[in-house]
Each structure stands twice: as structure tokens, then as C-alpha cells.
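Okay, so here's the structure we're looking at.
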């Protein structure tokens with residue numbers, strides 16, 4: 013009832029979350045990783061924090077605090093091979109790799125130049141089939157690249173078919189950002 017009423021108010025049809033909240037479906041690990049990095053780097057891009065360690069109210073901040081203090085952060089979904097109360101990790105890479113990737117991405121975005129990808133990160137990006145040349149652009153422009161869904165082109169086409177559509181906004185971005193070169 014509430015969803016239908018809100019759709020009438022907005023003058024739209026379809027799923028409630030699509031129009032009202034501009035939500036996106038994260039269809040694969042690549043999209044999830046790009047979105048997590050984008051969100052974790054928001055305070056740095058906004059000039060509120062200089063490092064992920066200073067970026068309060070983010071998942072990466074809580075993960076770092078938990079690691080350095082030995083606390084258990086139960087609300088944050090574990091990463092990689094970590095398990096918490098039987099819950100598997102959300103990504104196919106470990107926390108150290110994620111922290112390194114976000115730190116490197118933040119440095120490159122902050123400096124405003126692309127630079128060379130450090131050797132220790134190339135295996136991560138290759139493993140999850142992310143186009144290394146497009147990674148910085150994908151994280152920087154994430155909010156404008158994808159609309160209702162984010163992920164590899166194949167996953168987005170599957171989602172479009174599931175929704176009865178011929179395509180979704182961001183398919184081209186998914187094709188270029190989430191394919192190994």
C-alpha cells in the first residue's frame with residue numbers, strides 16, 4: 013500500500029525503491045567492490061577526512077578500528093575469508109587487500125592523476141576481472157555511471173530481462189569497467 017501511494021505521489025510506476033531512493037542492485041563482486049570503495053572514500057573526496065582511518069561513519073573506518081583495537085565489529089559484514097558467527101565474507105579478497113586497494117585508489121583520486129597501478133594490486137584486479145585502466149574513473153564517477161543496477165554487462169542484461177526491459181542505464185559502463193583487458 014505505501015509503495016503504491018508513493019509511486020502515485022512521484023507520478024511513476026514500477027518498484028518502489030527504484031524511483032524513491034535511487035537504489036541500485038549490485039549484481040556481482042566487481043560492482044560491490046566499486047560501490048564499497050566509492051562509499052568508503054566519500055569523506056576523503058568531501059575533504060572531511062584525510063585518510064580511511066579518519067573517515068568516521070564508514071565501514072572501512074569500523075573495520076580498521078576493530079583490527080587495531082581488537083574489538084568485534086558485529087554490524088559490519090566480514091570481508092574475504094573472515095567469518096563472523098557463521099556469516100561468510102562479502103568479497104573474494106581479504107581485508108588487507110581491500111584496505112590496500114581503497115588506500116591506493118584514494119591516493120590516486122586525491123592527486124588527480126591516474127599513475128601506475130602498484131604490482132601488488134594487479135593480481136586483485138585481474139582476479140575479479142576489473143579493467144585496471146578504468147578503475148579510478150569507475151570509483152570516481154560511480155554515482156553517475158550506474159542507475160538501477162551495477163555490475164558486469166552480462167549480469168546487467170540478465171537483470172534487464174528479469175525486469176522485462178531491453179536494457180538498463182549503465183550497461184556500457186559495466187562493460188568497460190568490469191571486464192579484464
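In our numbering, the protein residues as written are 13 to 193. Ideal Cβ placement from N, Cα and C applies to all residues, glycine included.
Residues of the same chain with a CB within less than 8 Å of the CB of residue 158, apart from the 5 flanking positions on each side, are 36, 43, 181, 182, 185 and 186 in chain order. By alpha-carbon distance to residue 156, the top candidate from 171, 92 and 47 is 47.
Per DSSP, reduced to three states, the secondary structure at residue 37 is strand. In the DSSP assignment, the residues bridged to residue 161 are 37.
Judged by DSSP secondary structure, residue 188 falls within the alpha helix (DSSP H) whose first and last residues are 183-189. Spanning the alpha carbons of residue 167 and residue 191 requires a straight line of approximately 12 Å. Inter-residue distance for residue 116 and residue 49 is about 11 Å (C-alpha atoms, whole angstroms). Within the same chain, and ignoring the five residues on either side of residue 89 in sequence, the residues whose Cβ sits closer than 6 Å to its Cβ are 102.
With respect to the 8 Å criterion, residue 162 and residue 38 are classified as neighbours on the basis of their beta carbons. Within the same chain, and ignoring the five residues on either side of residue 91 in sequence, the residues whose Cβ sits closer than 8 Å to its Cβ are 75, 101, 102, 103, 105, 106, 107 and 110. In the structure shown, the three-state DSSP call for residue 151 is helix. Collapsing the DSSP output to three states places residue 69 in coil. Taking the CA atoms as reference points, residue 69 sits about 11 Å from residue 61.
Residue burial annotation: residue 66 is exposed, with fewer than 16 other C-beta atoms found within 10 angstroms of its C-beta. For the pair residue 17 and residue 176, the Cα-to-Cα distance works out to about 23 Å. With a beta-carbon spacing of about 7 Å, residue 64 and residue 118 fall inside the 8 Å limit used to define contacts.
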